[in-house]
Structures are given as structure tokens and as C-alpha cells.
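In the numbering used here, the protein residues as written are 15 to 624.
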């Protein structure tokens, strides 16, 4: 170990062990080597280690002389002494240093080079700054952790350092480095189990000045066997949870570390925590991506994603009805994916190679809808400048999807029923029927039976369309399907928009599960498109999805919830019975007066309005 021999103007000689790459010398108490020489400045020189060389460089106008000649720097490893101010400095073998120290009175200034005071603090800061820059450029986790441990050893004066991670409840050495920046073999046997267990339990950093004499640790088998001297250990935590620790030691010097050393070690432990946490998060995201791909493949039914029991029931029905020409009615709230189901029925049918034609019956003005469905001849109406086929003719040999069939005007329902029964259509303005070979798949978000009772939908058409019903559950009733769909869409939009968003924050995942998604899958699509384009971080948060607390309904008091359910349920049964109060009371098993009182409450004027 390199030893610095310092001879002061009064003739006294002192020696210092050199551990660090940069060692400061001067009158100031914050220096590594403090010299009592009034001719020197606060920090007069620094010694820099470069391989086997130890370069002495003067600072702030300090005069450096070697063998009487003024020099700008000097390699002390030559063992030729140098003079700064009136102080002589030389480097020598440890044995010579020991003799020199025996000849001179011992003072507190003769302690080993320390960290964390004055220039040492600047050195530590420089190491942290340099390592922070590496974080931005280096992406290989193992190399980053090796570099971090090398930096820790440099600034603490330790001769070995270990990074230990907590995995599946067990502590395991992941990085073990020595002063020569090489990996240590058989690392597990080189650390004290007792010291590690203490830090892991208390989650507090500790210094052990002389382990063999320490009352707390001297009886530890690992301390005795390893003949430990100076040890420091600091925990690595993430959100208060232990994820590992950094352990450094020196087996040849006792009382090496000071509280300031521990502060620096704790800072490096914080850096290590960030690296490890990010690495774990990245690995978790990679696993999630792979799991998502497998999950999507497992849960995908064509272009439809879902694994909840209601969706599995829909998939089973699709497999059964796809091979037939039976008419299918798909029901469900807006945005539940009714067209996707219709396309899947068509794709799996014998008509799969034929056209799939979709028309939204609620999106086309009534006066144009007949022409859209059946076509028109030239001159049939103002603006009909040419003969044009309708959606029925375009779907010939394939499938026609009638979306929002509940919006179809009653007059057109009659013509649609005739076309379905006779398998022919007549263009607007023409008298010649044309045969069509199509399969009808219809969809609605309305209760068509209620529409029939209200007289807005024909019962005969309903039974013609509703041979098989497929009901799509709303997203709020599909459990974790919403999360699988959200992750699938995130990956899709990342590619589409060239985004670097990696995933969802834990708060976003919780919000996605908690929100009721009244717009169903379509709403998820819209929110995610916006989030992917506008997100400023790599992880989408709940705010990016507009899922702050204001987005969630307040929890109702139990009595208010019961009253609301009671009111809604009575209204539903009343509607089912066509407003017949007596039959409603009988069905509900209550006195008819209960229904009358219910209706009276509904008809009461709002007492809060003036």
C-alpha cells in the first residue's frame, strides 16, 4: 500500500496511507493531508493516482521544487522527494513508512486518508457526477453496477465492495469488486452474515470501526473467521422496501471509516437503488410484454380479446353459428365491439371469401337510407343522376351487417322484412326485383322487446333477425379483460405513433381496473390514443388517461343505494307490465298501495325549485 512521508518545517515527520485516486494537501482542515506550514495555501497541491504513478501537482501558485529545481508536477513513485512551500513530500514502501512513523511522535493528523471532508467531499461529488453521466450513456446493468462499486471503493478507501440484492426473500451477492477493479471469487464467503443481517433488519446504515473488538459483532463467527477490521454497510430501498445493500470493507486498517464516509456510501446506495429498481422495472416490463403477447394469443378469438366467462360463452356461440346462414342479433352497449363479432362470424363462415358490408342504420338520414340499402335507378329522385346499387347488392355472396338496427324507421322495417323473406330487393324508382344471396347479422344497443311494446319496432322483423342472440357484456363486467385490452392497444398505438411509452404506472393500472368505462372499448381506445400522443413520461399515469378522482362516482350510503335500486327496479317491472300497477304489485309481491305511493313520489314536484 502506498505511503506518503511528509516532513514539516519543524522537522517532524508524518506518514499517510494513500487509498484514493485524488488526495489533497494543504493547511485547511478539510484536506486529506493537513500540514502545519504557514507558507502553504488552504489547499496547496493534489496527488493523483494514474496506474502505478502518483503525480503531485501544485495549486493556486504554490511553488513545487524537485532537487532544487522548480517543477510544474512530479511523479512521487520515483521516490525522489519534492518540496512544496517549506514541506518535503516523498513516497516510499510501507516498511520504510513504518520506521519513519516509529521515529516521530504520533499525532491525530497521522490517521489514514479520510473521505467526506473539504476536498474529499469535492472528490466524492466528482465521482457521483461522473457516475451520473454514465447512467445516461450506459445501458448494460451489470456494467453499471460494476462501475458503481468501483467508484464506491475509490472514494471510501475500502479494498473490497459488494452489492447484495434481495431475491425471493434471500440476500444474494450480485457484484463483488476489489481495489484492482476485478471481480472477487467466492464472494459469499467474504462478507459478514451478521453485519448484513443487522442492516437488512433495521434498514439503517452502520459503521463498524474494528469488527474484532466491537462488542456487538466480535462474537460473530463470520467476523472472527474473516478477521474483519473496518466495515460499512448501507441499505438499498425502493418506496421504503429493502431491495438490497452495499457492503464495503478493509481488512488491514481499523477505524478507517467516519460518519461522512457513511453519508457518501448512503448516497451511492441510493444511486444503486435507482439502477436496480429501474432494472427490475425494465425486466418486469419485458416479462409483461412477453406475458401480454402470450395472454393475447391465449385470449384472442380472431380480432376479439377476452377471457371472462361471458366472452368465452360468446366465442362458443360464434363457433357454432358461423358455419350456418342463421340470422344473428348482437346486443350490447355502445363500444362493446359488436362489429368485430359480426366480422368474426363472417370470417369463420363459408361466406368468408365473400364481401362483408356494414351499414349504420342510425347514421344515415331517413330519406337516403332506402337508397343506401336497396340502391336506386337514374332519375328516381332529385340528384339521382345514375343508377346505383345498394348495400344488399354489394353484399351478394357475403354478409350484410346492419348496425344500430333499432334506429331503422318503421316504414323501412316493412321493406327490410320483405327483402329478407323473399331474398330479393327492388331499387328505388324501379319495379324489377333482384335476387340477393346474403347472410344478415344485425346489432343494437337498444332493448328491442321494449321498442316492440312502444310500437317503434316490428315484432315480425325482430323474430326474423333474432334467430340467435349474442349479448356482449360491458367492459365493467369483464374483470381483467380491460387491462389486457389496454396493454394490447398501448403496444398497437406505440407502433402507430412511434411513441416511447413503455407501460402503465401502478396508479394507472389501479385506475383502469376501477373505472367503469361507460364508453366501453371505444372509450379505452380514445383515451389511450390521447395518452400515447401527449404523455411526457415513459409510463402512462392515471392523469394521462383523465382518470383522476373526479372521474369516479362517489360511494353512496347504503340506504341511498338501496332506495335507488328499489326505485329503478319498480320502474323496470312497471315498464315490463305496460304500466299495469296491479300486475306489477302482484309480480313484486307487495300491496298495490306500495306501487301507488311509489308513483306519487315520482310525480311530486321538485321541492327545491322555487
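Every residue, glycine too, gets a C-beta built ideally from N, C-alpha and C.
For residue 261, the enclosing beta strand (DSSP E) has its first and last residue at 255-264. Relative to residue 24, the option among 53, 85, 36 whose CA is nearest is 53.
Straight through space, the alpha carbons of residue 452 and residue 342 are spaced by roughly 13 angstroms. The count of Cβ pairs closer than 8 angstroms, one atom from the region 492-507 and one from the region 365-379, stays below three, leaving the stretches out of contact.
Contact between the region 387-400 and the region 428-444 is present: 3 or more CB-CB pairs across the two stretches fall below 8 angstroms. Per DSSP, the continuous alpha helix (DSSP H) segment holding residue 581 begins and ends at 572-590.
Comparing alpha-carbon positions, the option among 20, 559, 175 lying closest to residue 100 turns out to be 20. The three-state reading of DSSP puts residue 158 in helix, counting H, G and I together. Using a Cβ distance threshold of 8 angstroms, residue 225 and residue 237 count as a contacting pair. The continuous beta strand (DSSP E) containing residue 245 extends over residues 244-252. For residue 502, the enclosing alpha helix (DSSP H) covers residues 495-511.
For the options 518, 47, 396, the alpha carbon positioned closest to that of residue 381 is the one of 396. Where residue 191 is concerned, there is no enclosing alpha helix (DSSP H), although the beta strand (DSSP E) around it starts and stops at 184-192. Contact between the region 215-230 and the region 185-194 is absent, with fewer than three C-beta pairs closer than 8 angstroms. Per DSSP, residue 546 is one residue of the alpha helix (DSSP H) stretching across 534-548. Relative to the Cα of residue 434, the nearest Cα in the group 455, 421, 418, 417 belongs to 455. Distances from the CA of residue 235 to each of 521, 71, 204, 77 were compared; the closest alpha carbon is that of 204.
Per DSSP, residue 176 lies in no alpha helix (DSSP H); the unbroken beta strand (DSSP E) holding it starts and ends at 174-181. DSSP places residue 301 within a helical segment (H, G or I) once states are collapsed to three. Counting along the chain, no beta strand (DSSP E) covers residue 357; the unbroken alpha helix (DSSP H) around it starts and ends at 352-361. Annotation for residue 219: no beta strand (DSSP E) segment contains it, and DSSP assigns it neither H nor E. According to the DSSP assignment, residue 413 belongs to the beta strand (DSSP E) that extends over 413-417. If you draw a straight line from the Cα of residue 551 to the Cα of residue 394, it is about 58 angstroms long. Within the model, the alpha-carbon separation for residue 105 versus residue 17 is close to 6 angstroms. Counting along the chain, the unbroken alpha helix (DSSP H) around residue 601 starts and ends at 595-602.
Straight across, the Cα-Cα distance linking residue 46 with residue 55 is about 14 angstroms. From the listed residues 82, 485, 469, the smallest Cα separation to residue 592 is found for 469.
The Cβ atoms of residue 383 and residue 426 sit closer than 8 angstroms to each other. Residue 158 places its beta carbon 8 angstroms or farther from that of residue 214.
In the structure shown, residue 83 falls within a strand segment according to DSSP collapsed to helix, strand and coil. A straight-line Cα-Cα distance of about 40 angstroms links residue 338 and residue 528.
In the structure shown, the three-state DSSP call for residue 426 is helix.
When secondary structure is reduced to three states using DSSP, residue 392 falls in the coil class, being assigned neither helix nor strand. Between the region 541-556 and the region 518-526 there are three or more inter-stretch CB-CB distances shorter than 8 angstroms, so the stretches are counted as touching. Comparing C-alpha distances from residue 30 to each of 522, 270, 202, 458 shows the shortest one belongs to 270. By the criterion of a C-beta distance shorter than 8 angstroms, residue 539 is surrounded in its chain by 503, once the five residues flanking it on both sides are discounted.
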